[in-house]
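One line per chain: the protein sequences are A and B, in this order. According to our numbering, the residues represented by the first sequence are 3 to 912, in order. According to our numbering, the residues represented by the second sequence are 49 to 321, in order. Data first, discussion second: the structure below is written as structure tokens.
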Amino acid sequence: MTFDINGKTFAKTPRAGQCLRTFLRDLGHFGVKKGCDAGDCGACTVLLDGEPVHSCLIPAFRAEGHAVTTIEGFAPDGGTHPLQQAFLDAQGFQCGFCTAGMILTCASLNQAQRQDLGVSLKGNICRCTGYRSIEDALDGKRNIEDADAGTAFGRSLPAPAGPLVVRGAAPYTFDTKIDGLLHVKLLRSPHPHAKIVSIDKSAALAVSGVHAVLTHEDAPKLLFSTARHEKDWMDPEDTRVLDDVVRFIGQKVAAVVAETEAAAEEGCRRLQVDYELLPAVFDPAEAIAPGAPALHGDKTVERRITNPARNLVAETHGEYGDVAKGLAEAAVTYEGTFTTQRVQHAALETHGGLAWIDANGILNVRSSTQVPFLTRRGLSQIFDLPPERIRVFCERVGGGFGGKQEMFVEDILALAALKTGRPVKLEFTREEQFIATSTRHPMRVKVKAGADNDGKLTALQLDVLSNTGAYGNHAGPVMFHAVAESVSVYNCPNKRVDGVVAYTNTLPAGAFRGYGLPQGLFAVEAAIDELAKQLSINPFEFRRRNVVKPGDPMLSPPPSQYHDVLYGSYGLDQCLDLVERAMSAETPRHGLAPEWLVGDGMALTMIDTVPPAGHLSDSKIALREDGGFDLTVGTAEFGNGTSTVHRQIAASALATTVDRIVLKQSDTAHGGHDTGAYGSAGIFVAGRATQHAAENLAAAIKALAAEMTEGDAGSCVLDNETVVCGKRRLSFAELAKAAKARGGVLEASGSADGTPRSVSFNVQGFRVAVNKATGEVRILKSVQAADAGRVANPMQCRGQIEGGVAQALGAALYEELVIDDGGRVINPRFRDYHLPSYADVPRTEVFFAETSDAVGPMGAKSMSESPYNPVAAALGNAIANATGIRFTSVPFKPDRLFPALHEKYGETKT
Amino acid sequence: MDLNTITEVAHPKSRAQLPVWTAGDAWLAGGTWLFSEPQAHLRRLIDLTELKWPALTIGDDNFTIAATCTVAQLDGFACPPDWIASPLINQCCRSFLASFKIWKTATVGGNICMSLPAGPMISLTSALDGIATIWQADGGERTIPVMDFITGNQQNLLRPGDLLRQIDIPLASLRRRSAFRQISLTPVGRSATLLIGSIDSDSGFALTVTAATIRPIRLAFASIPEQEELRETILQRIPDNLYHTDIHGKPIWRKHMTLRLAEEIRAELKAQP
């Protein structure tokens, strides 16, 4: 068969059941992405005779005789199509994984479809942007600006990878061809709790093309946590690469390594596993009750599990003052129980990676990770290999959101590569992503709060039960974070916190944007609102009377061992003012019928700018002979925009422009260390390291220039890619040549250790309309103010905020991973797990407080996670204000809101 | 996604060339569902494309929609002006959870044979009194109203080897006044309740309830009923166990939305001249 792809003819016959997506990728068109492989997300969109189709659904043979256009062939001769340029000008992307499909779809829209983007783009999911910047691209808006040498910081400069992203040429994890590659597929447990008695591999090994079957007998005995933290002690050691006990449906039982995915799948189907079924428990309250089956009863507290016999992973208890007294003396009190559901990151690029052993005997792992350095450390421990024998790196990562602060695939990839000696690949399906990676921790939060007649809090109490699922990755730290800044942002003489996190026989929970705070806030901010309402005090004013201000201790019981959080800057007051002012503007009802109830709500959040206990980062920078710079950082790029900001920091410190700085990143082979791109540390910590490195290099440049001019380094200044010493002006290129003549290069390094830490703030406001007859919620107005310190890149920071609001709205309104009574995920696909599409996301007005942080690089603070945090709480407060009903569970779906609305308002005439 | 267990694709050009149906076979029309989920039990696909059934034909009495007609072909059809029910076509197409890109590939027959409660081609063809023609594996043929063809959530009267050939819509049905209402948990999401009402030439009123219920339900009245009569009829004729439950809507909510949207339809059709 022959195929016409991007105007070239390819003679190749696809496999009988092969879809066009993989056929195109086999032929090297890596711009065709897999987000779901099921026709739901649109990342694989290509043009067939000029019409957009989801190539994952098209049988490959049907493309014969038709012209196929992929993103690579969209603009003639490798040029830039006007729409690609529009996406660059508007920066209508973050991680970029959806971009090729988005551009090809948008390019095909007629005028009517362009006027109806909610419908036209419902087959294209972007998990990062919140769609505003995509709309801007279609409207021809230019969101980027230029910056002269030395002025990059604080300007809206574009992402360096943008030109590659819009052409589908930015390499992601799987976008490479490796000769001799073997494929790994995993057999997963059908049982929620069972002991593996035996595995008969013979029929699997008999499948043509199968090279190896790996089971717990092949796996190292070492116990570890998939969670990656700078300090291993933060997580329990409860996981093996392959275990002889399975503790949730979907846990990996065995790996089949074969020449093709088809053979590996067939091998998995032919494995005969004899299970001894064990009793299972799915509810966290039942799990910690006496008599419940113990998931990790075979382990001791030495494994950092608080009480293995009771399924208690971690707990916290503490009190300041006397909460009972505070409640008794309060003029008003509120008590409520709030629950949050399982939601998933749904990064469009699934987990997975490649591993091989190179000619030097180094184990190379290329994976979709936020934490290459900590993954190398984990592999080193598990396989007892010295770190220098292992290299872990990532290319551009297609979204993370915390879900890739884990080691879900690298361990099995390493095992397969070591056992077979061959390069291996493991790419999760979307279903595997849903049933076998991680989710946000579902929590039940009981809150009690009281205030006096002056509107001052007298008591604040939280009681949290968190469900970590079958393994304890991030279990403790997430629970501790849920009750930390949510409580410490308020001054209150009497505070109490109780929290426990339980094992259950369900899909594990893990790190997810906000890391527990959204769950804790959902209860606290509701209670604060209820107290304000009872006292007839405006919710902004009530918060002003109670929030911490510089000088106030930030306290959440029990006393913390960390004392390195300080007010490097403070913009919460400004954020409250900005949102209150924006919300005071009237919104037209847009013809809403009387059955739509309208109300306002708001919530606030504070977040430490770095996780506790150390977050390390090294950067290196060197002057090139052409007068430009090579900057090497450890932190990863997954749409967070740190690559842009690192160049801005370095360019500002070195009086140059960002295009003169070539960035290398996220590869352990580059040396140094980086704890990872999590905890919103990519700018606050890693950026600090880059700032130090650049400033050290600036000093070295001045020193050399002073030597060359026989002047004083102290009087030399950098200016527009030169150094000026008195009346002499030397270009950076001249200096590089001089350094070379002296037998060296000008280079410098910098480090940061993530302490001291500062605090960032966000305030979210919503105006909603709730249909009392249907339960539908419409957002009439969305406003968020952020205190990000001195904003490194206003356009990107706005994008982080809008994307955070959109993702949080998904969780607040729609998303829910449902586990049935038998422990099985019932909706492991996008068509049943509704991610926000274009039609679902309102535009959010974004404001920045004007502050400059004393701790952060060039005055900047973190702003990746926290925009997510106050959204569900603010929405809940707005719905309560509109309906007079306090809904205490998310998501706020129409069918969930309906019963209480119906009870209160009855049948409504239409 | 790749269907890795498929070893063969048959491309029959006529009914005579249809291979003998065996376990592990699947008809391949658009393939938009088939290729969207693992199908490890399948070995052979029988591609229906080369049968080259005319997508849409207007006959003396019927509007014939081939099972292989794509959603986009149907949506793009230039209907005669006296088909005043024709706005239902676009309204139902827009009720697909899938986007317009899928419409180019997905077929009307595929949607009906999937037999999901929210299948909008079921809503359309059942409300318009569509008759399904089924080619039997034994060479025979039978016809069944779409309304009866769907028997439950993802259940229908197809037997192994049966092939849905076409849907015939009586032209009279297309000349009826109609009203459409749909609601979903999300703005452009999967239908949780989809109701179509119509008035025939004898002033008879018919309400077709889909998406809310596990199968289509037709309520017929000699004339437009009063509000209370319509409500009571729905409550009596649709027992609670017929309301569908899944992630896309709780049954009690679907029931109330059925009552609400039915009344909206009644009011709309009553208000018209």
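Ideal Cβ placement from N, Cα and C applies to all residues, glycine included. Quick caveat, the model's predicted, so the values are computed rather than measured.
- Neighbours of residue 233 (chain B) in chain A, taken as residues at a C-beta separation under 8 angstroms, are given in chain order as 816, 836, 895, 896, 897.
- Secondary structure note for residue 449 (chain A): its beta strand (DSSP E) is the uninterrupted segment 445 to 453.
- Chain A places a beta carbon closer than 9 angstroms to that of residue 238 (chain B), counting this residue as a contact.
- Ranked by Cα distance from residue 507 (chain A), the options A:488, A:303, A:472 are led by A:472.
- Nearest to residue 165 (chain A) by alpha-carbon distance, out of A:101, A:354, A:335, is A:101.
- By the Cβ-count criterion, residue 360 (chain A) is exposed, with fewer than 16 other Cβ atoms from all chains shown falling within 10 Å of its own Cβ.
- Across the set B:273, B:198, B:213, B:217, the C-alpha of B:198 shows the shortest separation from the C-alpha of residue 265 (chain B).
- Bounds of the beta strand (DSSP E) holding residue 608 (chain A) are 598 to 610.
- Taking a C-beta distance under 9 angstroms as the contact criterion, residue 78 (chain B) and residue 59 (chain A) qualify as a contact pair.
- The contact set of residue 21 (chain A) on chain B, defined by CB atoms closer than 7 angstroms, consists of 49, 50, 83 in chain order.
- DSSP, reduced to helix, strand and coil, places residue 535 (chain A) within a helical segment of the structure shown.
- Here residue 877 (chain A) really is in contact with residue 603 (chain A); their C-beta atoms are around 7 angstroms apart, less than 8 angstroms.
- Check the Cα spacing between residue 326 (chain A) and each of A:535, A:511, A:595, A:496: the tightest is with A:496.
- Apart from the 5 residues on each side of it in sequence, residue 62 (chain B) sits with its Cβ closer than 8 angstroms to the Cβ of 99 in its chain, given in chain order.
- Taking 7 angstroms as the cut-off between beta carbons, the residues of the segment 133 to 157 of chain B near chain A are 142, 145, 146, 147, 148, 149, 150, 152, 153, in sequence order.
- Per DSSP, the beta-bridge partners of residue 358 (chain A) are A:366.
- Residues of chain A whose Cβ lies closer than 9 angstroms to the Cβ of residue 277 (chain B) do not exist; the shortest such Cβ separation is about 16 angstroms.
- For residue 301 (chain B), the enclosing alpha helix (DSSP H) covers residues 299 to 319.
- The bridge partners DSSP lists for residue 492 (chain A) are A:549.
- Against chain A, a Cβ distance below 7 angstroms from residue 292 (chain B) picks out nothing, because the smallest value is about 12 angstroms.
- Using a Cβ distance threshold of 9 angstroms, residue 234 (chain B) and residue 40 (chain A) do not count as a contacting pair.
- Cβ contact annotation for residue 545 (chain A) (same chain, cutoff 7 angstroms, sequence separation greater than five): 530, 578, 606, in chain order.
- At least 9 angstroms separates the beta-carbon of residue 209 (chain A) from that of residue 339 (chain A).
- Partner residues in the beta bridge of residue 54 (chain A), as assigned by DSSP, are A:49.
- Between residue 234 (chain A) and the set A:650, A:740, A:475, A:839, the nearest pair of CA atoms involves A:475.
- The beta carbon of residue 86 (chain B) sits closer than 6 angstroms to none of the beta carbons in its chain outside the five residues before and after it.
- About 26 angstroms separates the CB atoms of residue 365 (chain A) and residue 401 (chain A); that is not less than 8 angstroms, and the two are not in contact.
- Restricting attention to A:791, A:438, A:442, the CA atom closest to the CA of residue 865 (chain A) is found in A:791.
- Residue-level contact by beta carbon fails for residue 280 (chain B) and chain A, as no gap is shorter than 9 angstroms.
- Taking a contact as a CB-CB distance under 8 angstroms, the pair residue 190 (chain A) and residue 121 (chain A) does not count as one, their CB atoms being some 37 angstroms apart.
- Between the C-alpha atoms of residue 106 (chain B) and residue 219 (chain B) there is a straight-line separation of about 8 angstroms.
- Taking the CA atoms as reference points, residue 132 (chain B) sits about 6 angstroms from residue 225 (chain B).
- Given a length threshold of 3 residues, each whole run of the beta strand (DSSP E) inside the segment 25 to 99 of chain A is given here in chain order: 47 to 50, 53 to 56, 69 to 71.
- A residue is called buried when at least 16 other Cβ atoms come within 10 angstroms of its Cβ; residue 302 (chain B) meets this threshold and is buried.
- Within the segment 267 to 286 of chain A, 267, 268, 271 place their CB atoms closer than 8 angstroms to a CB of chain B, listed in sequence order.
- Closer than 9 angstroms to the CB of residue 58 (chain A) there is at least one CB belonging to chain B.
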